[in-house]
Amino acid sequence: MSINRRMALRVAMASAVAAVFGSNTAAQASGKRIVRLSKVKVGGSHKFQLANGAPALLFRTKAGVFAYQTICTHQGGEVSYLAAGKLMVCGVHNASFDPFASGKVVKGPTGSAASTISPLPSVKVKIAGAWIVTG
Ligand code: FES
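Going by the working numbering, the sequence shown opens with residue 1, and the numbers climb by one from there.
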């Protein structure tokens, strides 16, 4: 398979994933409870699921909370947080994303530049009393 054909296939697959799960900022109903604030310590994270079924991960820092959809923007692999490197990494082709820099691509899929894929889509979350909720 030629490189151009392979790239076209990747773009088509990423588009299909985006069509199923949404792209950019994942749309969520505002105010839906995700987890009690007391269950996520400062410096911790929590996996949850979006209303459309997509997996997501939220982080709590001293500054507040933020979250990302954890479907890789390359070909839809699931992205996991590796605390040791403070990066979100896809196990399929090893792309990595920085959750503390707006989900930006740190490393592209194996053999590809970081610019070939998009950052992880963010998910709006906020603290509301004793809960972390969709924002
Ligand atoms: S599907 Fe994630 S790097 Fe390829």
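The beta-carbon is built from N, C-alpha and C at its ideal position, and this holds for glycine as well.
- For Lys41, no beta strand (DSSP E) encloses it, and the DSSP letter there is neither H nor E.
- Assigned with DSSP and collapsed to three states, Thr134 falls in strand.
- When C-beta atoms of the stretch 90-100 are compared with those of the stretch 64-76, three or more pairs fall below 8 angstroms, so the two segments count as touching.
- DSSP, read as helix, strand or coil, puts Thr116 in helix.
- Residue pairing for Gly64: DSSP places it in a beta bridge opposite Thr61.
- Counting along the chain, Ala128 sits inside the beta strand (DSSP E) bounded by residues Val125 to Ala128.
- Looking at the DSSP output, Leu82 bridges to Leu87.
- Each of Cys72, His74, Gln75, Gly77, Cys90, Val92, His93, Ala95 and Pro109 has a C-beta closer than 5 angstroms to some heavy atom of the ligand FES; these make up the full list, in chain order.
- Straight across, the Cα-Cα distance linking Lys47 with Ala56 is about 6 angstroms.
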